[in-house]
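To keep things clear, I will list the structure first and then write my remarks on it.
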């Protein structure tokens, strides 16, 4: 018995030492927190029933390199096999806390969208802290310029009917990219070019995004607040980032104009950014922008962050179906 008590004491001492080292390192750098976040499983979400029926209708061109000074400069193109006149092009940006993730997470969703006649361009980009703000937004510009220059090589693309979208951190990036394209003063303040003709932007699809970056610390859970603090540090490049110019720029709720495109917003109700979505919705409506939303109440149960990619659930399928209805109306 004494042996087990002594062994248990050693384990507790080791765990305490590890915790102290972790906290100590994290006081001076976000890198350890980033490593742990990257260790999370991103995967591809979950397939819906009868996924093969969608898959057989779709052609996927994988890992096309686009011109950029940054790394991870690859994209995938999903297109319907038999539709010679696609309904438009969806330009998709993945999430991953700004520090991880990849385009594979949207594989099932992108395939399903392409099976309904849309082209989906899903991009990778260099993440923080290797590339800090506004690197990912600049890389979105690079990817768009590449597609525009290569339209003849990819004749299925329809950049005259463009939808910009993303999930989680990718939703924030997509929303900020759209703000740059639709608000000249904002673009000039960031020193970034408006690369997409505004008349070609038909809609925005934004899933589970943190649109008020300064507000990501407004959470009760100390552990979550700890990681959110270090996400901001990694992405914005400074420890005390909350009141920085970069954080204010990335909190796009304050920068919406009447030229913002019709927007589909959705989020879960547990461990996500539904309050951000609702604040963003108010800003859009105040500027007379058309908005379609999908939220959930407590009666729906716990609908978690990035729920829309678990396509085995009725909530994810509802989001997909409402996305299709929204696009049919606005394309």
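Residue numbers (the numbering used here): 292 to 622.
The beta-carbon is built from N, C-alpha and C at its ideal position, and this holds for glycine as well.
Can you tell me whether residue i is buried or exposed, with buried defined as 16 or more other CB within 10 angstroms of its CB?
{"i": "residue 536", "result": "exposed"}
{"i": "residue 410", "result": "buried"}
{"i": "residue 640", "result": "Because residue 640 is not part of the residues shown, which for the chain are 292 to 622, the question remains open."}
{"i": "residue 347", "result": "exposed"}
{"i": "residue 597", "result": "buried"}
{"i": "residue 343", "result": "exposed"}
{"i": "residue 370", "result": "buried"}
{"i": "residue 446", "result": "exposed"}
{"i": "residue 515", "result": "exposed"}
{"i": "residue 507", "result": "buried"}
{"i": "residue 414", "result": "buried"}
{"i": "residue 452", "result": "buried"}
{"i": "residue 461", "result": "buried"}
Keeping to the same chain, check which residues put their C-beta closer than 7 angstroms to that of residue i; ignore five residues upstream and five downstream.
{"i": "residue 615", "result": "407"}
{"i": "residue 527", "result": "423, 424, 535, 537, 538"}
{"i": "residue 467", "result": "428, 541, 543"}
{"i": "residue 449", "result": "377, 379, 380, 410"}
{"i": "residue 356", "result": "364, 365"}
Using only the alpha-carbon positions, how far apart do residue i and residue j sit?
{"i": "residue 443", "j": "residue 345", "result": "27 angstroms"}
{"i": "residue 417", "j": "residue 464", "result": "13 angstroms"}
{"i": "residue 313", "j": "residue 320", "result": "For residue 313, the predicted structure reports a pLDDT of 44, less than 50, and the residue's modelled location is therefore unreliable. A value from the coordinates is still provided. So the alpha carbons of these two residues sit roughly 10 angstroms apart."}
{"i": "residue 582", "j": "residue 559", "result": "17 angstroms"}
{"i": "residue 315", "j": "residue 533", "result": "With a pLDDT of only 46 at residue 315, under the threshold of 50, the placement of this residue in the model should not be trusted, and no figure is reported."}
{"i": "residue 486", "j": "residue 336", "result": "32 angstroms"}
{"i": "residue 334", "j": "residue 622", "result": "30 angstroms"}
{"i": "residue 578", "j": "residue 569", "result": "14 angstroms"}
{"i": "residue 550", "j": "residue 476", "result": "13 angstroms"}
{"i": "residue 580", "j": "residue 473", "result": "12 angstroms"}
{"i": "residue 361", "j": "residue 593", "result": "38 angstroms"}
{"i": "residue 440", "j": "residue 554", "result": "27 angstroms"}
{"i": "residue 478", "j": "residue 341", "result": "44 angstroms"}
{"i": "residue 517", "j": "residue 530", "result": "12 angstroms"}
{"i": "residue 383", "j": "residue 457", "result": "5 angstroms"}
Using a Cβ-Cβ cut-off of 8 angstroms (strictly less than) and excluding sequence neighbours within five positions of residue i, which residues of its own chain qualify?
{"i": "residue 586", "result": "557, 558, 560, 565, 568, 569"}
{"i": "residue 331", "result": "391"}
In its own chain, which residues sit with a C-beta less than 6 angstroms from the C-beta of residue i, not counting the 5 before and 5 after it?
{"i": "residue 403", "result": "345"}
{"i": "residue 525", "result": "321, 325, 390, 419, 420"}
{"i": "residue 613", "result": "585"}
{"i": "residue 471", "result": "478, 483"}
Kindly confirm or deny that the region 319 to 327 and the region 518 to 534 touch, where touching means at least three C-beta pairs closer than 8 angstroms. yes
Ignoring anything shorter than 4 residues, give me the alpha helix (DSSP H) runs that lie fully in the region 474 to 523, in order along the chain. 475 to 481
Within the chosen definition, does the region 559 to 577 reach the region 499 to 513 through at least 3 CB pairs nearer than 8 angstroms? yes
Which residue spans inside the region 325 to 388 form an unbroken beta strand (DSSP E) run of at least 3? 349 to 356, 365 to 371, 380 to 384
Is it a yes or a no for the region 397 to 412 touching the region 332 to 352, going by three-plus beta-carbon pairs under 8 angstroms? yes
Kindly confirm or deny that the region 385 to 392 and the region 490 to 497 touch, where touching means at least three C-beta pairs closer than 8 angstroms. no
For the 8 angstroms Cβ check, are there 3 or more pairs between the region 539 to 547 and the region 599 to 606? no
Tell me, please, whether the region 369 to 378 touches the region 423 to 443 by the rule of three or more beta-carbon pairs shorter than 8 angstroms. no
Could you pull out every unbroken beta strand (DSSP E) segment of at least 3 residues lying fully inside the region 542 to 606, listed in chain order? 554 to 557, 582 to 585
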